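The structure appears below as structure tokens.
Written out as structure tokens, the structure is:
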């Protein structure tokens with residue numbers, strides 16, 4: 046999608062212009078405040094719902110947006126202005142982003158800070174309760190995840206073909222937690238200062254490139270795995286093992 050990838054190097058002013066050309070809709074149009082005080086859950090969810098119905102993408106403007114849980118739908122594309130300018134902050138003991146249902150596939154979340162605020166379970170929780178015929182193919186790119194009670198990113202059963210690129214995950218229990226997921230690609234992921242483990246869980250036929258775990262309070266990496274590839278990956282200064290592979 047050329048219109049979409051053109052956004053990668055746009056300035057804030059240029060992004061505002063792009064919104065007016067209707068490639069994106071702004072959550073501000075649906076009443077989101079981004080003032081760090083208002084509960085913006087409904088406004089952002091309304092923007093997601095409208096965008097899916099009308100073939101649009103969602104732009105979350107600069108600011109701090111307090112939310113409970115946002116439901117991801119198929120073909121959702123959400124982006125912030127920049128990772129250090131747009132923050133989604135959790136306010137309750139729930140996942141900040143999670144799938145609407147078992148049929149969700151092909152979605153993108155990028156250019157955001159997602160802050161669990163020490164109350165949310167997972168910043169991003171991607172899991173299905175039953176296997177579907179269509180792979181999910183989530184894209185998570187240019188994200189900074191922090192302060193979740195459980196995981197910065199949780200990718201669970203029946204999720205196939207995830208792409209995680211330029212991810213930082215800090216001060217959660219787990220930086221990235223994987224549970225029986227397959228055929229994922231991880232590029233330039235950095236996890237640090239997590240309480241239990243940096244990258245943890247079960248994954249098969251996945252590839253990690255230029256990924257780094259450092260200064261975690263348990264192991265850097267713990268993978269129960271088969272058929273995985275690690276290229277230029279690093280572990281340092283964690284209190285447990287740097288790399289632990291089982292199975």
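In this note's numbering, the protein residues as written are 46 to 292.
Glycine included, C-beta positions come from ideal geometry on N, C-alpha and C.
All values reported here derive from a predicted model rather than from experimental measurement.
Cβ-Cβ distances below 7 Å link residue 234 to 209, 212, 221, 256 in the same chain, with the five nearest sequence neighbours on each side left out; the list follows chain order. Under the three-state reduction of DSSP, residue 95 is assigned to helix.
Cβ contact annotation for residue 138 (same chain, cutoff 8 Å, sequence separation greater than five): 164, 165, 166, 194, in chain order. In this structure, DSSP gives residue 90 a helical state, which the three-state scheme calls helix. Cα atoms of residue 128 and residue 161: separation of roughly 15 Å, rounded to the nearest angstrom. Taking C-beta atoms as the reference points, residue 254 and residue 223 fail to come closer than 7 Å. Taking 8 Å as the upper bound for CB-CB distance, residue 169 and residue 144 are not in contact here, some 10 Å apart.
According to DSSP, residue pairing for residue 124 in a beta bridge involves 104, 155. Of the residues assessed, residue 181 falls on the buried side of the cut-off, its CB having 16 or more other CB atoms within 10 angstroms. Non-local beta-carbon contacts of residue 156 in its own chain, meaning distances under 8 Å to residues more than five positions away in sequence, involve 124, 125, 126, 127, 128, 131, 186, 187, 188 in chain order. In chain order, 108, 109 place their CB closer than 8 Å to the CB of residue 80, counting only its own chain and leaving out the 5 sequence neighbours on each side. Counted as a single uninterrupted DSSP element, the beta strand (DSSP E) harbouring residue 267 occupies residues 264-271. Residue 215 is bridged by DSSP to 191, 237. In this structure, the alpha-carbon of residue 113 lies about 19 Å from that of residue 122. Comparing alpha carbon positions, the residue from 273, 245, 197, 271 closest to residue 287 is 245. Beta-bridge partners of residue 254 (DSSP): 232, 276. The Cβ neighbour count for residue 277, taken over all protein chains shown within 10 Å, is under 16; the residue is labelled exposed. By DSSP's assignment, residue 242 forms a beta bridge with 219, 264.
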